[in-house]
Amino acid sequence: MSNLTNPTFGEAALIALLGIGFVFLVLAFLMVILLISAAIFQAIERKKAAKKAAAAPAPAAPEEKKAPLAKGSCGDLKLHDVPARDAAMVMAIVADELKTPLNELRFTSIKKAESEEAK
0 MSNLTNPTFG EAALIALLGI GFVFLVLAFL MVILLISAAI FQAIERKKAA KKAAAAPAPA
60 APEEKKAPLA KGSCGDLKLH DVPARDAAMV MAIVADELKT PLNELRFTSI KKAESEEAK
C-alpha cells in the first residue's frame with residue numbers, strides 16, 4: 000500500500016471493506032447508545048407513573064348507572080315513607096286540582112305528614 004493514489008484491485012477492495020466495517024461499527028455503537036438512553040427514559044417514566052399512582056386516591060366503587068329519565072319528566076323524586084302507588088295518586092290529584100298536565104309539574108320529594116292523632 001505504498002501508492003494510494005493508484006491502488007491495485009486488492010488494495011481497493013481492502014479499503015472498501017475497512018470503510019464499510021467502520022460504518023457498521025459506528026452504527027452498532029449508536030444503536031447501543033440509543034438502547035441505553037431508551038432504557039433510562041423508560042425507567043424514569045415508570046418512576047413517575049408509580050408516584051402518580053401512589054398519589055392518586057383509591058378508585059371509588061363504580062357508580063350505578065341510572066336509567067334514562069322518562070320523556071317529559073323533570074328529574075328525580077324522593078319518597079320518604081310513602082309507597083310509590085300513593086305518591087302517584089298524590090301527584091295525579093295535585094295535577095288535576097291545578098288543571099295542569101302532570102309532565103309540566105315538578106315533584107322533588109313526597110313525605111308522609113304525621114296526623115294530629117299520632118302526636
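Going by our numbering, the first residue of the sequence shown is number 0, and it counts up by one from there. We put the CB at the ideal spot given by N, CA and C, even for glycine.
Quick check: the Cα distance between residue i and residue j, rounded to an integer number of angstroms?
i	j	result
M19	V25	One point to set straight first is that residue 19 is Ile, not Met, in the sequence displayed. Between I19 and V25, the C-alpha separation is close to 10 Å.
A48	I39	14 Å
S36	F28	13 Å
M30	L13	26 Å
A54	D75	35 Å
E44	K51	10 Å
K46	F21	38 Å
I32	A15	26 Å
G9	F23	21 Å
L3	A42	50 Å
I think residue i touches residue j, with their Cβ atoms under 8 Å apart; what is that distance to the nearest whole Å?
i	j	result
L104	V93	7 Å
L97	M90	Not confirmed; about 11 Å, so no contact.
Please name the residue, chosen from the options, that lies closest to residue i on a Cα-to-Cα basis.
i	options	result
D80	A53, E96 and E113	E113
R84	I109, K64 and P100	I109
A86	T99, F106 and L97	F106
K111	T99, L17 and P82	P82
Exercise. Can you check the stretch 86-118 for any beta strand (DSSP E) of at least 3 residues that lies completely inside it and give the ranges in chain order?
Key: 108-110
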